[in-house]
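Peer 1: I have a structure here, written as structure tokens, and I will follow up with some questions on it.
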């Protein structure tokens, strides 16, 4: 395998860790200068679609929500993000890892997610500085 092919596979792997599939539509909310560009590019390469911005009113399969401590009310942000989700859609909440500026405590995520009617299904290292928490609507509510 060439270095370029290996690099492309590694970049796709970032999006694959999120469980994304080709053809899915992903909306990105909360982008800022500290967001991970390699993860964003990986998602676009794997899905074959550009990330939709916060202003989009399209129905989406996945919402990518970049969130830092101090960004506001997480419950409100999650509630707003749910409006764009297709049935069976998911939110990937991306927060700075422990020890980094803007880190959000997992207990705060769990509490606000539950209050918003979401279930936490998994947590991963999404990028070097970012943790990812997968949130879905409980099956009984879909």
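In the UniProt record's numbering, the protein residues as written are 1 to 142. The beta-carbon is built from N, C-alpha and C at its ideal position, and this holds for glycine as well.
If you compare alpha carbons, which of 131, 136, 84, 48 is closest to residue 55?
Peer 2: The residue you call residue 55 lines up with position 55 of the chain shown. Looking at the Cα atoms, 84 is the closest of the given residues.
Peer 1: Whose CA, out of 113, 101, 24, 111, lies closest to the CA of residue 52?
Peer 2: As a first step, residue 52 is located in the chain shown; it is residue number 52 there, counting from the start. Among 113, 101, 24, 111, the Cα nearest to that of residue 52 belongs to 24.
Peer 1: By the 10 Å Cβ neighbour count, where 16 or more other Cβ atoms means buried, how is residue 95 classified, buried or exposed?
Peer 2: On the chain shown, position 95 is the one that residue 95 refers to. The residue in question, residue 95, is buried, as its Cβ has 16 or more Cβ neighbours within 10 Å.
Peer 1: If you drop the 5 nearest sequence neighbours on each side, which residues of the same chain put their C-beta closer than 6 Å to that of residue 114?
Peer 2: Your numbering for residue 114 matches position 114 in the chain shown. Result list for residue 114: empty, nothing under 6 Å.
Peer 1: Looking at residue 29 and residue 63, is the spacing between their C-beta atoms short of 8 Å?
Peer 2: Residue numbering aside, residue 63 sits at position 63 when the chain shown is read from its first letter. Residue numbering aside, residue 29 sits at position 29 when the chain shown is read from its first letter. For residue 63 and residue 29, yes; Cβs fall inside 8 Å.
Peer 1: Tell me the rounded alpha-carbon separation between residue 104 and residue 124.
Peer 2: Position 104 of the chain shown, counted from the start, is the residue given in the question as residue 104. Position 124 of the chain shown, counted from the start, is the residue given in the question as residue 124. The alpha-carbon atoms of residue 104 and residue 124 are separated by roughly 14 Å.
Peer 1: Looking at the structure shown, is residue 56 part of a helix, part of a strand, or coil, going by DSSP?
Peer 2: For the purposes of this step, residue 56 is taken as residue 56 along the chain shown, with counting starting at 1. In this structure, residue 56 counts as coil in the three-state DSSP scheme.
Peer 1: Which residue wins for smallest C-alpha separation from residue 129, given the options 20, 35, 93?
Peer 2: Taking the chain shown and counting its residues from 1, the one referred to as residue 129 is at position 129. Comparing Cα-Cα distances from residue 129 to each of 20, 35, 93, the minimum goes to 35.
Peer 1: Return the bridge partner residues of residue 65 from the DSSP annotation.
Peer 2: In the chain shown, counting from the first residue as 1, residue 65 sits at position 65. Bridge partners of residue 65: 29, 93.
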